[in-house]
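Contents: one structure, followed by commentary.
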Amino acid sequence: MKFGIIPDEEIQEGRTTDIYFIRTEEVLRQKGVNPREVAEVIITGGGWTVLAGLEEVAHLLVGKDVNVYAMPEGTIFYPYEPVLRRAMRISRWYGWCEQRCRC
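If you want it as structure tokens, here you go:
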């Protein structure tokens, strides 16, 4: 399964991430903090949206120690809906996303 222009292995091995994940990891390591982390997915623009892609997310996370909470595939939702409850939340003890998104 392909996730786009970035090879699956780079995503799963944590070689691809947003810079804020790296900076957050550095600050928390310096402070000796190891919090529970939550990565949220949210849509900020446009009108209504249909949730799609859960199968791809599940494939990406096979073998990872994470919990994923998502609305059902095909659900219609709107920008800025509380994604923690409605769209998707991926959580684990600190170190999963912040390992350069080792997912």
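Heads up: the sequence shown begins at 1 in this note's numbering, then just goes up one per residue. Backbone N, C-alpha and C define an ideal beta-carbon position, used for all residues, glycine too. Quantities reported herein were computed from a predicted structural model and do not represent experimental measurements.
Extent of the continuous alpha helix (DSSP H) to which residue i belongs
{"i": "A58", "result": "54-60"}
{"i": "T17", "result": "Where T17 is concerned, there is no enclosing alpha helix (DSSP H), given that its DSSP letter is neither H nor E."}
{"i": "E10", "result": "8-12"}
Identity of the residues DSSP links to residue i by a beta bridge
{"i": "T49", "result": "F77"}
8 angstroms contact criterion, which residue i and residue j should meet: CB distance rounded
{"i": "F77", "j": "L60", "result": "F77 to L60, Cβ: 21 angstroms. No contact."}
{"i": "I116", "j": "T16", "result": "Here the chain has residues from 1 to 103 only, and residue 116 is not among them."}
For residue i, the three-state DSSP class (helix, strand or coil)
{"i": "K31", "result": "helix"}
{"i": "I5", "result": "coil"}
Residues of its chain near residue i, where Cβ-Cβ distance is below 8 angstroms and the 5 sequence neighbours each way are ignored
{"i": "T44", "result": "P79, Y80"}
{"i": "T49", "result": "I43, I76, F77, Y78, P79"}
{"i": "G74", "result": "V50, L51, A52"}
{"i": "G47", "result": "Y78, P79"}
7 angstroms CB neighbourhood of residue i in its chain, flanking five on each side removed
{"i": "L54", "result": "A70, E73"}
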